[in-house]
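Quick note on numbering: the numbering used here labels position 40 of the sequence shown as 1366, and the sequence is numbered without any gaps. We treat Cβ as the ideally placed atom computed from N, Cα and C, and that holds for glycine. All figures in this text were calculated on a predicted structure; none of them were measured in a lab. Read the structure below first, then the notes.
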Amino acid sequence: MRATTAKKERPQRTLRIIGGQWRGRKFHFPALDIRPTPDRVRETLFNWLQPRIQGARCLDLFAGSGALGLEALSRGAAEVVFVEQQRAASVAIERLLAQWPAAGRARVLCTEAQRYLSGHAPSAFDLVLLDPPYASGEIAAAARALEHGWLASEARIYIEHARRESLPALPASWHELRAGTAGAVGYHLYQSGQTGASA
């Protein structure tokens, strides 16, 4: 009798929703090379966004675990588009959305961010979440592409990066509203267009 070796499945990882209608709800995502935004940072970000998240159209461009986009949905976003190139991660987000009451408010696209942005913007987004893999060099290219019809007037753009790394040059029309650090993470909230607005 031939011996067989059972494949070990990589354990799933768990996150929880910080606020909104799904507050406290836990969800799992595959043990891929994904670095979810820490709870503390997510809480700070959505406190900043609280006056604007209700009814917003959001783009979670490097979705990973989907934590940022799910948090936006929980807090009343009208729509979230999740863009994630890893098939296992995008499938996990789709399955989760099928179980949670988010019908008609979310779409998941398994594609590269730059490929998605090279297409025609379906309509402008009020909030864009940019949290690419560290040291990937994706932020600058994504920022340039977003300037071509992807951003609503005075849209908010969230950027997360390794604290030890400087941000690249961003569009001149973007103005920083808030910034913070937490451990190895640096995070910023920008507004496109006019200056002087609050978060």
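* Check whether the region 1507-1519 touches the region 1481-1497, counting contact only when three or more Cβ pairs, one atom from each stretch, lie closer than 8 Å. => yes
* Asked: Can you list the beta strand (DSSP E) stretches of 3 or more residues lying completely in the region 1433-1477, in chain order?
  -> 1451-1456
* On the three-pair Cβ rule with 8 Å, is the region 1399-1419 touching the region 1507-1515? -> no
* Asked: With which residues is L1515 paired in a DSSP beta bridge?
  -> Y1484, R1504
* Asked: With DSSP run on the structure shown, which of helix, strand or coil describes F1353?
  -> strand
* Asked: Exposed or buried, what is H1446 when buried is set at 16 or more other beta-carbons lying within 10 Å of its beta-carbon?
  -> exposed
* Reduced DSSP secondary structure (H/G/I, E/B, other) of S1400 -> helix
* Report the three-state DSSP secondary structure of L1565 (helix, strand or coil). => Nothing can be reported for residue 1565, as the shown portion of the chain is limited to 1327 through 1525.
* Asked: In three-state DSSP terms, what is S1416?
  -> helix
* To do: Give a yes or no on contact between the region 1428-1438 and the region 1448-1458, applying the rule of three or more CB pairs nearer than 8 Å.
  => no
* Asked: Comparing alpha-carbon positions, which option in P1459, A1488, L1496, G1345 lies nearest A1471?
  -> L1496
* Candidates I1485, H1501, W1500: which alpha carbon is nearest T1507's? -> I1485
* **Per DSSP, cross-strand counterpart(s) of I1405** => The sequence shown places Glu at residue 1405, not Ile. For E1405, which the question treats as bridged, DSSP gives the partners R1383.
* At which residues does the beta strand (DSSP E) containing T1363 begin and terminate? -> Segment: none, T1363 is in no beta strand (DSSP E) and carries neither H nor E.
* Please list, in chain order, all residues of the same chain as W1500 whose beta carbon is under 6 Å from its beta carbon, the five residues on each side excluded. => Y1516, S1518
* Exposure label - N1373; buried when at least 16 CB within 10 Å -> exposed
* To do: Locate the beta strand (DSSP E) running through R1342, then write down its first and last residues.
  => 1339-1342
* State the Cα-Cα distance for the pair A1332 and R1339, rounded to the nearest angstrom. => Low confidence applies here, because A1332 scores a pLDDT of 40, under 50, leaving its location unreliable; read the following figure in that light. Cα to Cα, the separation comes out at about 21 Å.
* Compute the distance between the beta-carbons of I1343 and S1400, then report whether it is under 8 Å. => yes
* Between the C-alpha atoms of R1490 and I1465, what's the straight-line distance to the nearest angstrom? -> 15 Å
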